[in-house]
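*Asks:* Quick one: the structure is below, and I'll ask about it shortly.
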Amino acid sequence: MAATILDGKALGARIDERTAQRVTTFVDEHGRRPCLTVVLVGEDPASQVYVRNKIRRCGQTGIESREHRLGVDVGEDELLRLIRALNHADDVDGILVQLPLPDHIDAALVLEAIAAEKDVDGFHPDNAGRLASGMPRFVPCTPRGAMHLIHEVHENLQGLHAVVVGRSTIVGRPMAQLLLMADATVTIAHSKTKDLTSTCLDADILIAAVGRPKIISGGMVKPGATVIDVGINRIDDGGKGRLVGDVDYDQVMGHAGAITPVPGGVGPMTIACLLENTVDAAIMRMA
Ligand code: NDP
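Take 5 as the starting number for the sequence shown in the numbering used here and just add one per residue.
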């Protein structure tokens, strides 16, 4: 039987509606809109699309957005100066530095320079540490969005085995922390995992966050499992660029109980959660 398709666009739109209501309440109480500032360095085409989508969705929910575009040659010092200024700006609630940054800039240093209470991406070590300690403040948007999708299928994760393929600080690790907090039994697999197929086959919930097209095949998925595909890979499909995930969608469709498409799955949820985090930041700062 074909799997249920988990529609991130539709769920993201429902979350955005709730966010828009929270924005209205915030404006009534504080006389200003929550404000997200996005910093984009260089001309990376994918980053430009992501930033454009984030700004558009801010507008749709009533969040004020500001954009700082810096040239690809900008010095690390200049970028750090801008972040410090944004940290001190009273009317800025959330700061997001679009990744990746050019090679001459130390991304870890830049992310750590963002005030933790404005770190709506949740990448600051303070926020990562809080999540790892079970006291989350800002949770990285992609895993937060993936959890919303998982909860569409599983109200309660107790007794379920979740396998996360990928251990990046942006997706894999925070994903595993969230699943653990939700009482799943969690395995993290990565490039040094010995037998990825048997590890994945044991998963009731399988999350792929690798960055390799179709690395998860039908034979790696337990019948009825929930499969969340975080991967976004651009492939050359007969000369036409196309986005695919880490999961072989057509194959896995016949094995999984539920599956996220790419595009239209985790991607739109990531932005919905960024907007949620921005309103959370604004409310926390005014408390
Ligand atoms: P990283 O490159 O930082 O991490 C990839 C992880 O996959 C690493 O932990 C790596 O292991 C592991 N890995 C690589 N090859 C294998 C393999 N053959 N078998 C098992 N594990 C492997 O990527 P990100 O976490 O930043 O992103 C992952 C994917 O998610 C990308 O496609 C990215 O574009 C996408 N993404 C999507 C978002 C969205 O909004 N939908 C947001 C963010 C990312 P090791 O640690 O051992 O090297």
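Even glycine gets a Cβ: it sits at the ideal position worked out from N, Cα and C.
1) Are ASP233 and GLY249 closer than 8 angstroms when you measure CB to CB?
2) In whole angstroms, what is the alpha-carbon distance linking GLN255 and VAL168?
3) Compute the minimum distance between the beta carbon of ASN281 and the heavy atoms of the ligand NDP, and state whether it is under 7 angstroms.
4) With a Cβ-Cβ cutoff of 8 angstroms, do LYS58 and LEU247 count as a contact?
5) Locate the beta strand (DSSP E) running through VAL214, then write down its first and last residues.
6) Looking at ARG289 and GLU121, is the spacing between their C-beta atoms short of 8 angstroms?
7) Considering only their Cβ atoms, is the gap separating ASP123 from PRO38 smaller than 8 angstroms?
8) Measure the CB-CB distance between PRO303 and PRO147 and report whether it falls below 8 angstroms.
9) Cα separation between VAL31 and ALA276?
10) Would a C-beta distance cut-off of 8 angstroms place GLY66 and VAL27 closer than the cut-off?
11) Compute the Euclidean distance between the alpha carbons of TYR54 and HIS194, then round it to the nearest angstrom.
12) Reducing DSSP to helix, strand and coil, say where THR191 ends up.
13) Secondary structure at GLY245, three-state DSSP: helix, strand or coil?
14) In its own chain, which residues sit with a C-beta less than 6 angstroms from the C-beta of ALA166, not counting the 5 before and 5 after it?
*Replies:* Short version:
1) At the C-beta level, ASP233 and GLY249 come within 8 angstroms of one another.
2) Taking the straight line joining both Cα atoms gives about 19 angstroms.
3) Checking the Cβ of ASN281 against the ligand NDP gives no.
4) Contact flag unset, no.
5) No beta strand (DSSP E) holds VAL214; DSSP gives it neither H nor E.
6) Between GLU121 and ARG289, the CB-CB gap stays under 8 angstroms.
7) Not closer than 8 angstroms, so no.
8) In the structure as shown, the chain starts at 5 and stops at 291, and residue 303 therefore has no counterpart that could be examined.
9) When the Cα atoms are used, VAL31 and ALA276 turn out to be separated by approximately 19 angstroms.
10) Yes.
11) Roughly 26 angstroms between the two C-alpha positions.
12) Annotated three-state conformation of THR191 is strand, per DSSP.
13) Strand, per DSSP.
14) Only LEU183, ALA188, VAL190 and ILE209 meet the Cβ criterion.
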